[in-house]
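Visitor:
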Amino acid sequence: MTHAKSDQLFAEALKYIPGGVNSPVRAFRAVGGQPFFVNKAKGSRVWDVDGNEYIDYVLTWGPAILGHAHPKIIAAVKAAAEDGTSFGIPNPREVTLARMICKLVPSVQKVRMTSSGTEACMSVIRLARGFTRRDKIVKFDGCYHGHVDSLLVKAGSGALTFGHPDSAGVPAAFTQHTLVLPYNDIDAVKAAFGANKDQIAGVIVEPVPGNAGLYLPKPGYLESLRGVTRANGALLIFDEVMTGFRLARGGAQERFGITPDLSCFGKVIGGGLPVGALGGRAEIMDYLAPGGPVYQAGTLSGNPVAMAAGIAALEELSGRACESADGKVPPSHERSQDSYARLEQLGSLLEAGMRDAARSAGVPVQFNRCGSMFCAYFTGDPVHNLADAMKSDRDRFKKYFHGMLNEGIYLAPSQFEAGFISTAHSEADIEKTVKAAARVMRTL
Ligand code: HOZ
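Positions in the sequence shown are counted from 1; adding 526 to them yields the numbering used here.
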């Protein structure tokens with residue numbers, strides 16, 4: 527595999543772009559080597575500028591749940607762009623996407639669009655504080671809620687990957703109201719509420735944390751979070767930027783049967799264009815300006831082209847369910863071979879194959895999976911939180927990453943990111959991936 531053209535472009539990029547990239551984890555620094563440059567993506571594949579083809583499990587970090595360049599999304603984007611790329615005044619597509627989200631996610635009665643998941647998380651924190659008139663926010667170590675100042679404390683994703691989970695440039699005063707607790711430890715949450723009576727505005731959590739690899743909530747954990755927040759007059763905020771419309775039609779909250787007060791979305795909701803959103807109970811959402819005192823705004827929020835892509839993606843994922851006359855959407859598990867059943871099927875095939883590959887190679891691997899999200903940790907111990915994730919052998923991960931890349935399989939270039947499967951992946955893709963993993967694992 528040659529990367530001459532990518533290397534040349536990266537050398538040029540380094541001259542004009544800090545680190546040569548517009549988002550740090552893309553730089554490959556956690557795994558060594560240099561990033562490749564992509565100029566085409568279709569279905570489950572991406573092609574780099576040197577003509578190499580990869581089966582893609584990064585999927586633009588989650589959004590491409592239908593695979594790359596889905597024809598319905600491309601058609602919707604083209605049609606919307608023909609009518610104008612931005613109006614800065616209400617457009618009908620905003621209403622359509624908002625109505626779809628409210629139907630698909632019952633905890634969301636009203637929704638405000640943003641242009642990224644980071645913005646959604648930034649605004650949701652302000653809203654929670656404004657609504658409760660309390661200042662403190664609980665977050666969990668290893669969870670990442672975008673590059674929001676007050677939440678860049680023990681953060682996951684690139685912040686963790688590059689060893690700056692508490693970013694430089696964030697004044698200590700900006701994070702003094704952020705309480706950071708270990709995930710999956712409900713006693714720690716109870717203790718925090720005990721020590722900060724009537725001061726905690728809300729608890730923000732990735733219901734299935736996907737920014738320190740991937741680990742799942744222990745049975746009863748999310749239910750307990752719901753109970754403790756409610757008992758203390760605090761809001762439960764689900765950051766579903768990764769899990770929304772991915773782990774089920776109604777996100778992790780549908781999959782685990784929890785009703786948060788507020789939720790943040792991004793990635794899948796934009797069909798590959800920049801869209802984020804925050805939503806929740808109407809009485810809380812109405813605290814946002816212009817009706818309420820909590821200010822929030824955005825020039826490109828509700829952008830018609832981005833809305834068109836999001837509508838097409840959710841329509842394709844949900845079938846006619848979004849538009850049903852009675853407005854009721856059956857939970858995904860009650861529907862037969864739909865997108866989510868397909869993703870589950872592909873996910874379990876990958877999980878079984880990867881576990882087999884590790885077992886026969888004699889390499890200790892924890893293959894964590896939830897629906898179409900996954901992560902392989904190189905440790906013999908189960909991974910339930912950041913401390914467990916940190917036990918993974920990262921040198922082994924690097925070799926695994928490059929071994930897979932050489933086999934034409936593109937995984938996230940960091941131990942602390944999740945992998946994603948799309949409906950465009952095939953059984954043959956999974957089989958090829960598992961066979962490659964079996965070969966690579968024997969070399970670790
Ligand atoms: N925040 C993304 C990973 N959790 C990375 C985004 C990117 O580098 O494009």
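Just so you know, even glycine gets a beta-carbon here, dropped at the ideal spot from N, CA and C.
Just so it is clear, the structure is predicted and the values come from calculations on it, not from any experiment.
Does the separation of the CB atoms of G929 and V889 fall below 7 Å?
Guide: On the sequence shown, residue 929 is found 403 positions in, with the first residue counted as 1. On the sequence shown, residue 889 is found 363 positions in, with the first residue counted as 1. No; because the gap between Cβ atoms is not below 7 Å, this pair is not in contact.
Visitor: Out of S886, L814, L912, R772, point me to the one whose CA is closest to S844's CA.
Guide: Counting from one through the sequence shown, the residue named residue 844 turns up at place 318. Closest by alpha carbon: R772.
Visitor: Does the Cβ of M737 lie closer than 6 Å to at least one heavy atom of the ligand HOZ?
Guide: Position 211 of the sequence shown, counted from the first residue, corresponds to residue 737. For the sequence presented, residue 737 should be read as Asn rather than Met. Correct: N737 has its Cβ closer than 6 Å to the ligand HOZ.
Visitor: Would you give the residue range spanned by the beta strand (DSSP E) that T507 belongs to?
Guide: Outside the displayed range of the chain (527 to 970) lies residue 507, so it cannot be described from this structure.
Visitor: Is any non-hydrogen atom of the ligand HOZ found closer than 6 Å to the C-beta of S972, if you look at the structure I gave you?
Guide: This structure does not reach residue 972, given that the chain is present from 527 up to 970, and the question cannot be answered.
Visitor: Within the region 800-854, note down every full beta strand (DSSP E) run reaching 3 residues or more, in order along the chain.
Guide: Whole beta strand (DSSP E) segments, 3+ residues: 802-806.
Visitor: Kindly indicate which three-state DSSP category N894 falls into: helix, strand or coil?
Guide: By 1-based counting over the sequence shown, the position of residue 894 is 368. Strand at N894.
Visitor: So is Y926 buried or exposed if we call it buried at 16+ other beta carbons inside 10 Å?
Guide: The residue given as residue 926 occupies position 400 in the sequence shown. It counts as buried.
Visitor: State the CB to CB distance for the pair Q941 and A556, rounded to an integer number of angstroms; the pair is presumed to be in contact (CB under 8 Å).
Guide: Position 415 of the sequence shown, counted from the start, is the residue given in the question as residue 941. Position 30 of the sequence shown, counted from the start, is the residue given in the question as residue 556. 7 Å between Cβ atoms; contact.
Visitor: In the DSSP assignment, what residue or residues form a beta bridge with H594?
Guide: The residue given as residue 594 occupies position 68 in the sequence shown. Beta-bridge pairing links H594 to G569.
Visitor: In this structure, how does DSSP classify V621 when only helix, strand and coil are distinguished?
Guide: The residue labelled residue 621 in the question sits at position 95 within the sequence shown. Of the three classes helix, strand and coil, the one that applies to V621 here is helix, per DSSP.
Visitor: Would you decide whether V584 is buried or exposed? Buried here means 16 or more other CB atoms lie within 10 Å of its CB.
Guide: One-based indexing of the sequence shown puts residue 584 at position 58. Buried.
Visitor: Which one of P544, V960, K636 has the shortest CA to CA distance from R881?
Guide: Translated into positions along the sequence shown, residue 881 becomes position 355. Nearest C-alpha to R881: V960.
Visitor: Cutting at 8 Å between CB atoms, please list the residues of its own chain near V653, excluding the five before and the five after it.
Guide: As a position in the sequence shown, residue 653 is number 127, starting the count at 1. First, the residue type needs correcting, since residue 653 is Leu and not Val in the sequence shown. Excluding positions up to five away in sequence, the list reads L788, L804, I810, M811, Y813, L814, V820, Q822.
Visitor: Tell me the rounded alpha-carbon separation between I795 and I543.
Guide: Position 269 of the sequence shown, counting from 1, holds the residue named residue 795. Position 17 of the sequence shown, counting from 1, holds the residue named residue 543. Each residue's Cα considered, the two are about 28 Å apart.
Visitor: Who are the near neighbours of E732 in its chain, counting only those whose CB is closer than 6 Å to its CB and skipping five residues on each side?
Guide: Against the sequence shown, residue 732 aligns to sequence position 206. C669, D765.
Visitor: In three-state DSSP terms, what is F613?
Guide: As a working note, residue 613 is residue 87 in the sequence shown. F613: coil per DSSP, three-state reduction.
Visitor: Residue range of the beta strand (DSSP E) that S789 falls in?
Guide: Residue numbering aside, residue 789 sits at position 263 when the sequence shown is read from its first letter. First-last of the beta strand (DSSP E) with S789: 788-791.
Visitor: What span of residues does the beta strand (DSSP E) with Y903 cover, start to end?
Guide: Locating residue 903 in the sequence shown gives position 377, where the first residue counts as 1. First-last of the beta strand (DSSP E) with Y903: 899-903.
Visitor: What do you get for R571, buried or exposed, if any count of 16 or more other CB atoms within 10 angstroms of its CB means buried?
Guide: Against the sequence shown, residue 571 aligns to sequence position 45. So R571 counts as buried.
Visitor: Report the option in L742, I581, V631 whose CA atom is closest to the CA atom of Q892.
Guide: For the purposes of this step, residue 892 is taken as residue 366 along the sequence shown, with counting starting at 1. Looking at the Cα atoms, L742 is the closest of the given residues.
Visitor: So, using beta-carbon positions, are L762 and P735 closer together than 7 Å?
Guide: Counting from 1 along the sequence shown, the entry for residue 762 is found at position 236. Counting from 1 along the sequence shown, the entry for residue 735 is found at position 209. No, Cβ-Cβ distance for L762 and P735 is not below 7 Å.
Visitor: Taking the CB atoms as reference points, tell me whether V831 and V603 lie closer together than 7 Å.
Guide: To locate residue 831, count along the sequence shown from 1; it is residue 305. To locate residue 603, count along the sequence shown from 1; it is residue 77. Going by C-beta atoms, V831 is nearer than 7 Å to V603.
Visitor: Less than 6 Å separating the Cβ of R772 from some heavy atom of the ligand HOZ?
Guide: Position 246 of the sequence shown holds residue 772. False, no ligand heavy atom lies under 6 Å from that Cβ.
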